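Participant: If you count by my numbering, then the sequence shown holds residues 28 to 414, one letter each, in order.
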Amino acid sequence: MEQYSNRFDPACPATHSFALLLNVWQRQYGRHTLPWQGTQDPYLIWVSEIMLQQTQVRTVIPYYQRFLSTFPTVETLAQSSLDQVLSHWSGLGYYARARHLHRAAQLISANGGFPRTVADLCTLPGIGRSTAGAIAAFAYGDRAAILDGNVKRILCRVFALTSPAEEELWQVADALLPDSENIATYTQGLMDLGTLRCLRNRPLCSDCPLAGICQAHQTETIAQYPSRPKRPQRQVRHSRLLLIDNAQGQWLMQRKPPTGIWAGLWSFPEETLSPDLPSSHSLGLDGEPHTMLSPIRHLLTHVEWHLYPIMFHSADSLEFPADPSYGWFTTESMEQLALPAPIRRLLPQLTMNDARTLQGEKMTSQGFSEIHRTMLTPCTTDGDRQR
Ligand code: SF4
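So this is what it looks like as structure tokens:
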């Protein structure tokens, strides 16, 4: 059963000094030169807020700059193809953000401009209450609260809130808001404090402007806040990636369906591996694979995905179903496609088109059953970055 803390007192001194302390600190020690600062253009702010969801600032900066050099206005974004947008997002992960951004740009363009209120911003795909609050605060100077993971952590620690309900936290966030003149500094201050001082592990309390009012710090109970719900275990999945080239030096790619992992992106054809499934390959390939590249371990929120890239030469006569989701691409043309990061990292190995020179394992007498068995043993190679 959910436990409510009921410890937040809107009349307590900490409530009154919270914003003041934070703003003084932000002006002196906060960040002021990020590429998305110094503007009140809601489009520029919106793009940054979406990119920063689940992603660190230093990762976002080059993506943000490239994205805006291609899509400088909401109209250019609306008029671009989803493929172009996904291609610019390639490697940033959480691709639903890019699809929502594109769709929302079309809606904004069709409506003749950006929504002006938090409630209206929330009607756009991919914009939740916190993102809407950030856009409204930075672009319009509205007294609107934000409540991302960092802010929740700060509020729980300062006010010693154990397992607060989401709505309770929103009430705290609303109660702390300063006047509209100071709202942009305050909102940036919360973001900066969560990134620079009130870290998830080992917060830098001795340098924190809120140390004097922070209940968790004063009672030395920081580790208790926020209480962490138990994370569900990741489902483990094994798949074989089929890297098939033809006599023209092209590779077979397949666009992923519009929903699911890597939705709408291009990847190599894949097969799910299971001890219960037969080990023969699909696609009507005639012959044995010639090379196996290093396995990839890709961690998603709910899935630990092991991918085993294996290489085939297709027979000249090989014909694939007239399925528009398939296509043959040279490695140069693949560079322009919207590819998930682990797939993009395979490209340099494809350019060494002579399989005998690849660093993968040359397959000789191993039959498919042996390969199948090997693939389903635990994998130790980490081919993916974790944030
Ligand atoms: S004093 Fe420490 S725990 Fe409290 S808000 Fe500051 S950094 Fe976070």
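The beta carbon of each residue, even a glycine, is placed where N, CA and C say it ideally should be.
Quantities reported herein were computed from a predicted structural model and do not represent experimental measurements.
Quickly, what does DSSP pair S294 with across the bridge? List them, please.
Facilitator: Paired residues: Q281.
Participant: Return the CA-CA distance between T158 and R124, expressed in angstroms with no decimal places.
Facilitator: Spanning the two alpha carbons is a distance of roughly 12 Å.
Participant: In terms of residue numbering, what span does the beta strand (DSSP E) encompassing D272 cover?
Facilitator: Segment 262-272, the beta strand (DSSP E) holding D272.
Participant: For the segment 199-217 against the segment 276-293, are there 3 or more C-beta pairs whose distance is under 8 Å?
Facilitator: No, because fewer than three Cβ pairs between the segment 199-217 and the segment 276-293 fall closer than 8 Å, the two stretches do not touch.
Participant: Within 8 Å, do at least three Cβ pairs link the segment 241-248 to the segment 163-174?
Facilitator: No, because fewer than three Cβ pairs between the segment 163-174 and the segment 241-248 fall closer than 8 Å, the two stretches do not touch.
Participant: Going by beta-carbon coordinates alone, are A137 and V101 separated by less than 7 Å?
Facilitator: No, these two residues do not count as a Cβ contact at 7 Å.
Participant: Give me the Cα-Cα distance between P62 and Q92, rounded to the nearest whole angstrom.
Facilitator: Approximately 8 Å, taken between the alpha carbons.
Participant: How far does the alpha helix (DSSP H) with R324 in it reach, from first residue to last?
Facilitator: Here R324 belongs to no alpha helix (DSSP H); instead the beta strand (DSSP E) covers 323-326.
Participant: DSSP beta-bridge partners for T144?
Facilitator: Looking at the DSSP assignment, T144 forms no beta bridge with any residue, so it has no partner.
Participant: Considering only DSSP beta bridges, list what L300 is partnered with.
Facilitator: DSSP, once it has assigned bridges, lists H265 as partnering L300.
Participant: By Cβ distance, which residues of its chain are closer than 6 Å to P8, with the 5 residues on each side in sequence left out?
Facilitator: Outside the modelled stretch of the chain, which goes from 28 to 414, sits residue 8, for which no answer is possible.
Participant: Let me know the alpha helix (DSSP H) ranges lying completely inside the segment 79-147, each 4 residues or longer, listed in chain order.
Facilitator: Whole alpha helix (DSSP H) segments, 4+ residues: 84-97, 101-106, 109-116, 123-138.
Participant: Using beta-carbon positions only, say whether S108 and A365 come within less than 7 Å of one another.
Facilitator: No.
Participant: Helix, strand or coil: which one does DSSP assign to F35?
Facilitator: Three-state result, F35: coil.
Participant: Excluding the 5 residues preceding and the 5 following Q281 in the sequence, name in chain order all residues of the same chain whose CB lies nearer than 6 Å to its CB.
Facilitator: So the list reads P296, S352, Y353, once near-sequence residues are dropped.
Participant: Within the continuous alpha helix (DSSP H) that includes G216, where are the two ends?
Facilitator: Run containing G216: 210-223, per the alpha helix (DSSP H) assignment.
Participant: I want to check one thing, is the minimum distance from the CB of A238 to the heavy atoms of the ligand SF4 below 6 Å?
Facilitator: Yes, the ligand SF4 has a heavy atom inside 6 Å of this Cβ.
Participant: Reducing DSSP to helix, strand and coil, say where H43 ends up.
Facilitator: Here H43 sits in helix by DSSP.
Participant: Taking L320 and L279 to be in contact with their CB atoms under 8 Å, please state how far apart those CB atoms are, rounded to whole angstroms.
Facilitator: Wrong, their Cβ atoms sit about 16 Å apart, outside the cutoff.
Participant: On a CA-only basis, which of T318, A146, F165, T144 is nearest V74? Give me that one, please.
Facilitator: Out of T318, A146, F165, T144, F165 has the C-alpha closest to the C-alpha of V74.
Participant: Any heavy atom of the ligand SF4 within a distance shorter than 6 Å of the CB on A243?
Facilitator: Yes, the ligand SF4 has a heavy atom inside 6 Å of this Cβ.
Participant: Could you compute how far the alpha carbon of S114 sits from the alpha carbon of T97?
Facilitator: Their backbone Cα atoms lie some 11 Å apart in a straight line.
Participant: Candidates Q106, P40, Y121: which alpha carbon is nearest M78's?
Facilitator: Answer by Cα proximity: Y121.
Participant: Where does the unbroken alpha helix (DSSP H) through W197 begin, and where does it stop?
Facilitator: Segment 193-202, the alpha helix (DSSP H) holding W197.
Participant: Within 7 Å (strictly less), CB to CB, does L48 reach chain D?
Facilitator: Checking the listed chains, one finds no chain D in this structure; it contains a single protein chain.
Participant: Does the Cβ of G221 have 16 or more other Cβ atoms within 10 Å, making it buried, or fewer, making it exposed?
Facilitator: The residue is buried, with at least 16 neighbouring Cβ atoms inside 10 Å.
Participant: Identify the continuous alpha helix (DSSP H) that holds G57 and give its terminal residues.
Facilitator: Where G57 is concerned, there is no enclosing alpha helix (DSSP H), given that its DSSP letter is neither H nor E.
Participant: Roughly how many angstroms lie between the CA atoms of H317 and E362, to the nearest whole one?
Facilitator: Taking the straight line from one Cα to the other gives about 24 Å.
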